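Every position in the sequence shown, counted from 1, becomes a number in the working numbering once 8 is added.
Data first, discussion second: the structure below is written as structure tokens.
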Amino acid sequence: MTNPEIIELLQQDIRGEHQAIVMYLMHAYEVGESGLAAEIEAIAREEMRHLDWLADIITGLGGEPNMEPVPPDFTAAPLNEQMLKDVALEEGAAAQYREHIEAIDVPDIRLLLSRILHDELAHHGMFVKFVDEVSEMTSVIEKANAEGATLEPRTADILKQGVRHEYTVTLQYLFHGFMTKDKDLAEDWQNIAINEMQHMGWLSEALTARGGRPDFTHTPLVLTPDAETNLKADIAVERDVTKTYSRHIPEVEDPGLAELLERIRDHEIYHDNQFSGLLDQVEDEEHTAGCQPDTAAPSTTKKIPTVGSLK
Ligand SMILES: [Fe+2]
Ligand SMILES: [Fe+2]
Ligand SMILES: [Fe+2]
Numbered sequence: 009m010t011n012p013e014i015i016e017l018l019q020q021d022i023r024g025e026h027q028a029i030v031m032y033l034m035h036a037y038e039v040g041e042s043g044l045a046a047e048i049e050a051i052a053r054e055e056m057r058h059l060d061w062l063a064d065i066i067t068g069l070g071g072e073p074n075m076e077p078v079p080p081d082f083t084a085a086p087l088n089e090q091m092l093k094d095v096a097l098e099e100g101a102a103a104q105y106r107e108h109i110e111a112i113d114v115p116d117i118r119l120l121l122s123r124i125l126h127d128e129l130a131h132h133g134m135f136v137k138f139v140d141e142v143s144e145m146t147s148v149i150e151k152a153n154a155e156g157a158t159l160e161p162r163t164a165d166i167l168k169q170g171v172r173h174e175y176t177v178t179l180q181y182l183f184h185g186f187m188t189k190d191k192d193l194a195e196d197w198q199n200i201a202i203n204e205m206q207h208m209g210w211l212s213e214a215l216t217a218r219g220g221r222p223d224f225t226h227t228p229l230v231l232t233p234d235a236e237t238n239l240k241a242d243i244a245v246e247r248d249v250t251k252t253y254s255r256h257i258p259e260v261e262d263p264g265l266a267e268l269l270e271r272i273r274d275h276e277i278y279h280d281n282q283f284s285g286l287l288d289q290v291e292d293e294e295h296t297a298g299c300q301p302d303t304a305a306p307s308t309t310k311k312i313p314t315v316g317s318l319k
């Protein structure tokens with residue numbers, strides 16, 4: 009099997025992980041604050057780890073990770089039906105990993121996929137159990153609506169727009185982290201992406217608690233292999249969203265919500281500073297390197313993770 013053929017299979021896997029992450033997050037928000045929601049979110053976090061490992065292998069083989077999910081099913085349904093969707097997703101994932109383990113003849117990659125398969129089988133068992141656990145529960149959205157929650161259309165718009173932005177930058181920053189060969193820079197990008205994911209969660213929870221449904225779609229992504237270009241795009245998006253949040257804060261009547269938006273907005277200002285500092289570093293390094301463009305040599309700092317390194 010050639011590298012492009014292996015990459016092709018791993019892209020299917022990474023897109024499946026992405027689909028699972030957003031569907032599980034949606035379902036966790038629908039379940040609402042409870043131990044069960046935390047368990048579903050913990051599964052979504054394991055899928056994020058899978059996505060990260062797969063991205064490392066793809067870039068190690070010379071590819072660019074695909075950031076589009078297999079189209080997720082976001083339709084509203086009773087909670088037990090949502091859990092059944094997740095059971096089916098895990099069954100499909102396990103079947104696909106088994107096929108790919110069979111097809112890919114590189115021991116390190118097979119080992120990693122086997123480790124992921126093991127997790128998917130555990131998740132499958134958990135979701136089967138959750139189907140029963142949610143049978144007596146109603147979703148937070150239904151509950152809020154039954155209690156007569158009145159979500160102002162403008163507030164709903166502001167929150168939905170926020171979720172879309174946070175989802176977009178999460179994907180963009182993850183990709184930027186995947187594409188750089190500089191380990192420290194990759195870690196900084198990943199940490200900011202995790203912070204954006206938190207924002208997405210806070211806004212989604214604020215929305216569902218008021219009877220609304222978040223919309224996990226993203227706006228166009230800037231996905232280049234060049235760190236400098238990427239940092240410039242990220243600074244621009246942070247400055248832009250800081251202005252947007254600042255405009256939205258006085259429009260929101262609920263003081264708790266205004267406070268939440270302010271807190272997020274302040275994080276965005278901090279991200280702008282972080283990215284600006286990183287851009288200075290990258291530009292300095294290039295200058296000392298005699299302005300030599302970074303020709304794509306195979307990565308030496310980021311290797312295919314071994315099973316031992318995954319723990
Ligand atoms: Fe997974
Ligand atoms: Fe954010
Ligand atoms: Fe940000």
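Ideal Cβ positions, reconstructed from N, Cα and C, are used throughout, including at glycine.
Treat the numbers as computed from the prediction; the structure is a model and nothing was measured.
G185 has its alpha-carbon roughly 7 Å from the corresponding atom of E195. When the Cα atoms are used, R106 and F138 turn out to be separated by approximately 24 Å.
M9 is classed as exposed because its beta carbon has fewer than 16 other beta carbons within 10 Å across all chains shown. Cα atoms of T225 and R162: separation of roughly 19 Å, rounded to the nearest angstrom. Proximity to ligand 1 was defined by a C-beta distance below 7 Å to any of its heavy atoms, and the residues meeting it, in sequence along the chain, are E25, A28, E54, E55, H58, A101, I124, D127, E128. For V171, the secondary structure class from DSSP, reduced to helix, strand or coil, is helix. D21 counts as buried, since at least 16 other C-beta atoms from the protein chains shown sit within 10 angstroms of its C-beta. Here the alpha carbon of P263 sits roughly 45 Å from the alpha carbon of H126. M9: not part of any alpha helix (DSSP H); DSSP gives it neither H nor E.
Annotation for E270 indicates a beta carbon at 7 Å or more from all heavy atoms of ligand 3.
Assignment of F224 by DSSP, reduced to helix, strand and coil, places it in the coil class. In the three-state reduction of the DSSP assignment, D190 falls in the coil class, being assigned neither a helical nor a strand state. In the three-state reduction of the DSSP assignment, A103 falls in the helix class. By the neighbour-count criterion, in which a residue is buried when 16 or more other Cβ atoms sit within 10 angstroms of its Cβ, S212 is buried. Inclusion of E276 in the 7 Å shell around ligand 2 follows from its C-beta lying nearer than that to a non-hydrogen atom of the ligand. Placement of the Cβ of V260 at a distance of 7 Å or more from every heavy atom of ligand 2 is found. About 6 Å separates the Cβ atoms of D280 and I243, confirming a contact at the 8 Å cut-off. In the three-state reduction of the DSSP assignment, D262 falls in the coil class.
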